[in-house]
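For reference, the structure is listed below as structure tokens.
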Amino acid sequence: MFQVCGERFSTRASWNIHHLKHRRPEDKLYCCTLCSGTQERTYENFRQLCRHMRQVHTNQIFPCPYCNWTFGRRKNLVNHLVRHTGRRDFVCPQDGCHKAYSRKDKLKTHMRIHISALL
């Protein structure tokens, strides 16, 4: 139960969204001190600020060894490399189904076919 208004929530995500309605104006957002001035950036949480700092204020660049693309995050480079390597590490566990995907989210989408067939 949320102590400010007494409302109840079934998930933490619902509570996170709702509690922003009760934010006081004096509650500070996380600000990027390097972007201050003409283009000040503010973020709802510390994690978003950290991501911004990595992407914008570090000189860390991850180049693709196969093409001219570059990435600010290693994870994005790894996802991109599948285009060149053709790796498909996410295999459907359903008997008789031999589908395989390069990304976990694509396998999850595919699995809906098997789930809906059971209903």
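In terms of the UniProt record's numbering, the sequence shown opens at residue 1 and continues consecutively. Just so you know, even glycine gets a beta-carbon here, dropped at the ideal spot from N, CA and C. Values in this document were obtained by computation on a predicted structure and should not be read as measured data.
Residue 105: first and last residue of the uninterrupted alpha helix (DSSP H) it sits in: Here the question's residue 105 lines up with position 105 in the sequence shown. For residue 105, the enclosing alpha helix (DSSP H) has its first and last residue at 104-118.
Element boundaries [alpha helix (DSSP H), containing residue 80]: For this step, residue 80 is matched to residue 80 along the sequence shown. Segment 74-85, the alpha helix (DSSP H) holding residue 80.
Contacts around residue 1, its chain only, beta-carbon distance under 6 Å, and the 5 residues preceding and following it disregarded: Here the question's residue 1 lines up with position 1 in the sequence shown. Because residue 1 sits at a pLDDT of 48, beneath the cut-off of 50, its placement in the model cannot be relied upon, and the following sentence gives the value as read from the coordinates. Excluding residues within five positions, the ones whose Cβ falls inside 6 Å are 8.
For residue 29 and residue 42, believed in contact at Cβ under 8 Å, the rounded distance: If you number the sequence shown from 1, residue 42 lands on position 42. If you number the sequence shown from 1, residue 29 lands on position 29. Indeed they touch by this definition, with Cβ atoms about 4 Å apart.
DSSP state of residue 31 mapped onto helix, strand, coil: The residue labelled residue 31 in the question sits at position 31 within the sequence shown. Strand, per DSSP.
Residue 59 versus residue 46 - alpha carbon distance: Looking up residue 59 in the sequence shown gives position 59. Looking up residue 46 in the sequence shown gives position 46. Answer to the nearest angstrom: the Cα atoms are 21 Å apart.
Reduced DSSP secondary structure (H/G/I, E/B, other) of residue 46: Here the question's residue 46 lines up with position 46 in the sequence shown. Residue 46: helix per DSSP, three-state reduction.
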